[in-house]
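Single-structure report; data block below.
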Amino acid sequence: MRVLSLEPLSGAAGDMILAALIDLGADPAAITATLQESGLGGVELAFTRAKCRHGIMCGYLQVLENGVAADGHEHTHSHDHDDDHDHDADHEHDHDHSHAHGHDHDHDHDHDADHEHDHDHDHGHSSTPHSHRGLRDILALIHGSSAPARAKARAEKIFRRLAAAEAAIHGVSPDEVHFHEVGAVDSIADIFGICLALEQLSVDHVYCSGYKIGQGTVRCAHGVMPVPAPATAKLLEGYEVTRLPLMGELTTPTGAAVLTALSEGALPAQPMTLIGTGYGHGRKEFELLPNVLRALLFEQADDAAGVQTDVVTVISFEVDDMSPEALAYLQERGLAAGALDLSFVPVQMKKNRPGTQVRMLVRSEDAQRLATLALRETSTLGVRMREERRWVLSRQAELLQTPWGALRCKRVRRPDGHSELVPEYDSARELALASGRPLRQIMDSARSWDDSAARPGDAR
Numbered sequence: 002m003r004v005l006s007l008e009p010l011s012g013a014a015g016d017m018i019l020a021a022l023i024d025l026g027a028d029p030a031a032i033t034a035t036l037q038e039s040g041l042g043g044v045e046l047a048f049t050r051a052k053c054r055h056g057i058m059c060g061y062l063q064v065l066e067n068g069v070a071a072d073g074h075e076h077t078h079s080h081d082h083d084d085d086h087d088h089d090a091d092h093e094h095d096h097d098h099s100h101a102h103g104h105d106h107d108h109d110h111d112h113d114a115d116h117e118h119d120h121d122h123d124h125g126h127s128s129t130p131h132s133h134r135g136l137r138d139i140l141a142l143i144h145g146s147s148a149p150a151r152a153k154a155r156a157e158k159i160f161r162r163l164a165a166a167e168a169a170i171h172g173v174s175p176d177e178v179h180f181h182e183v184g185a186v187d188s189i190a191d192i193f194g195i196c197l198a199l200e201q202l203s204v205d206h207v208y209c210s211g212y213k214i215g216q217g218t219v220r221c222a223h224g225v226m227p228v229p230a231p232a233t234a235k236l237l238e239g240y241e242v243t244r245l246p247l248m249g250e251l252t253t254p255t256g257a258a259v260l261t262a263l264s265e266g267a268l269p270a271q272p273m274t275l276i277g278t279g280y281g282h283g284r285k286e287f288e289l290l291p292n293v294l295r296a297l298l299f300e301q302a303d304d305a306a307g308v309q310t311d312v313v314t315v316i317s318f319e320v321d322d323m324s325p326e327a328l329a330y331l332q333e334r335g336l337a338a339g340a341l342d343l344s345f346v347p348v349q350m351k352k353n354r355p356g357t358q359v360r361m362l363v364r365s366e367d368a369q370r371l372a373t374l375a376l377r378e379t380s381t382l383g384v385r386m387r388e389e390r391r392w393v394l395s396r397q398a399e400l401l402q403t404p405w406g407a408l409r410c411k412r413v414r415r416p417d418g419h420s421e422l423v424p425e426y427d428s429a430r431e432l433a434l435a436s437g438r439p440l441r442q443i444m445d446s447a448r449s450w451d452d453s454a455a456r457p458g459d460a461r
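Everything in the sequence shown is counted per the numbering used here, starting at 2 for the first residue and increasing by one.
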């Protein structure tokens, strides 16, 4: 089993993540071929390796469209905001600002003490026209390709998360969102390319922690906004972030969407063999620290066939004076904030009072944040926390094409080597509501397909 750890030292953007994966060993030519046959005909990934100002050999990536840099969107809008403001402190900041719709602007600010900014927007767009695609357009492009099912499922998960964030900001449904710059060729190539690269590297699990944000403001479609931009801020809600002393948007909407959609939390503290390292560099240089994202690829031996192990934190407490509605609200908030599970157990408390024990299963790095949530949202005067080691069956995402649409499933591997296809409830519910078919029929379709696809002697 292969495990990938993504380490955003000074933030993350789509091109940085993909560059790190190619530096790790993914094939840019093969990725380009899949992107082109999916409907992005003139797209090409231009990958180079060079030494950054801090002396590290890194991968650099640029998306070309018909031979022209498809710049300007998620990661580099080179807005010739080259506002050369003389800073008395002699700082030179190369700002990579991200719009609510995914723009990153490279600003070279040499600030004067009076900070008089003359924002002369000379948008450095490619001459190639960029279409504004909606979620359905992008998903059709992805599912119409010959990419592996797991790559398609990962890409869909990222774009759905991005659409949900944009929809919340603009007060519309995810299907009504037009991604504008994030829906342009370079950003689609970044996101889909990342998922194809993960498949090439046979990555089963992705981990990331330590999201970085910068300082200052960004001029976007909604005016001048503080960083992080609205989409990035929405995507990072519920995650622990660190504000670095660097001007500009360090984590872009695409970077935030990829990491939060694919990451399973912090890298587990267990023995693994490091088999590869890759570095992806952004479009600017910082004096304080390298503008790189590091990717570490590990090989992990299963404790038993199809079984993985990790360490989690269990938060528990009892209450006897909360209504069922309040407890249901706690469960909703806890799961939305990242709890792996949240359950209730009836208990008998002192003075013969019937009560409820609340058990929250959380990742260790989320324990303090979720314990604080419990103290805020419940009547308990304290919580207990303990670490537990667990065994988890290996699983991977798959997409099953049904007569009613694509159904997201998990392929679960049992210790005896056999596997089964388990449909995801939310995906089945969406198809049931859209088609008018019974939920049970949608769920059973996955199991029926799995049974019919299994051959005698096939360890599925």
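Ideal placement from N, C-alpha and C gives every residue a C-beta, glycine not left out.
Per the DSSP calculation, residue i is bridged to which residue(s)?
i      : result
ALA296 : LEU7, GLY279
ILE214 : ARG244
PRO227 : THR218
THR274 : GLU300
SER420 : ARG414
THR381 : THR381 is not bridged to any residue.
LEU408 : LEU401
GLY12  : LEU10
GLU286 : DSSP output for GLU286 lists no bridge partner at all.
ARG391 : ASP311
Give me, in chain order, the residues of the same chain whose beta-carbon lies closer than 7 Å to that of residue i; leave out the 5 immediate sequence neighbours on both sides.
i      : result
THR33  : VAL44, GLU45, LEU46
LEU376 : VAL384
ILE276 : LEU298, PHE299, GLU300
ASP322 : SER380
ALA198 : LEU19, LEU22, ILE23, ALA27, ILE32
In the DSSP assignment, find the alpha helix (DSSP H) that holds residue i and state where it starts and stops.
i      : result
ILE57  : That residue, ILE57, is in no alpha helix (DSSP H); it is neither H nor E in DSSP.
ALA327 : 325 to 337
ARG162 : 150 to 171
GLY43  : GLY43 -> no alpha helix (DSSP H), and no H or E assigned at all.
THR373 : 368 to 378
MET17  : 15 to 25
ALA433 : 426 to 436
LEU400 : LEU400 -> not in any alpha helix (DSSP H); beta strand (DSSP E) instead, spanning 396 to 403.
PHE193 : 186 to 201
In whole angstroms, what is the alpha-carbon distance linking residue i and residue j?
i      : j      : result
LEU400 : ALA154 : 6 Å
VAL320 : ALA262 : 34 Å
ILE214 : GLU250 : 6 Å
TRP450 : SER11  : 45 Å
ALA27  : PRO227 : 36 Å
ALA289 : GLY339 : Correcting the residue identity first, residue 289 is Leu in this sequence and not Ala. Spanning the two alpha carbons is a distance of roughly 32 Å.
ALA13  : ARG244 : 13 Å
LYS352 : GLN442 : 48 Å
LEU36  : SER446 : 30 Å
GLU157 : LEU140 : 6 Å
GLN397 : ALA51  : 35 Å
ARG412 : ARG354 : 44 Å
MET2   : ARG151 : 15 Å
ARG409 : PRO246 : 41 Å
ALA296 : ARG162 : 22 Å
GLY15  : PRO291 : 17 Å
ALA435 : ALA164 : 19 Å
ALA368 : PHE160 : 28 Å
For residue i and chain C, any beta-carbon pair shorter than 8 Å?
i      : result
SER264 : Going by chain labels, chain C is absent from the structure shown, which holds only one protein chain.
Just to confirm my understanding: we take residue i, look at its own chain, exclude 5 residues before and 5 after, and list those with CB closer than 8 Å. What are they?
i      : result
SER264 : LEU7, VAL207, TYR208, CYS209, SER210
MET58  : ARG50, ALA51, LYS52, TYR280
Considering just the uninterrupted stretch of the beta strand (DSSP E) at residue i, what are its terminal residues?
i      : result
THR261 : Premise fails: THR261 lies in the alpha helix (DSSP H), 254 to 263, not in any beta strand (DSSP E).
HIS206 : 206 to 209
ASP342 : 342 to 349
PHE318 : 308 to 320
GLU250 : First-last for GLU250: undefined, no H or E at that position.
VAL359 : 355 to 364
What I want to know is whether the C-beta of residue i ends up closer than 7 Å to one or more non-hydrogen atoms of the ligand MG.
i      : result
ALA156 : No copy of the ligand MG appears in this structure; indeed no ligand is present at all.
Using the rule of at least 16 other Cβ atoms within 10 Å of the residue's Cβ for burial, across every protein chain shown, is residue i buried or exposed?
i      : result
ALA114 : Because ALA114 carries a pLDDT of 34, less than 50, the predicted location of this residue cannot be relied on, and no value is offered for it.
SER344 : exposed
MET402 : Note that residue 402 corresponds to Gln in the displayed sequence, not to Met. Exposed is the call here.
ASP417 : exposed
TYR426 : exposed
ASP176 : exposed
GLU200 : buried
ASP342 : exposed
SER99  : A caution first: SER99 carries a pLDDT of 36, below 50, which makes its placement in the model unreliable, though a value can still be read off. That one is buried.
Short of 6 Å in beta carbon distance, which residues of its chain neighbour residue i, apart from the five on each side in sequence? Order them along the chain.
i      : result
GLY40  : LEU142
LEU236 : ALA166, ALA257, ALA258, THR261
ARG360 : SER317, SER344
ARG448 : none
GLU38  : none
VAL393 : GLN309
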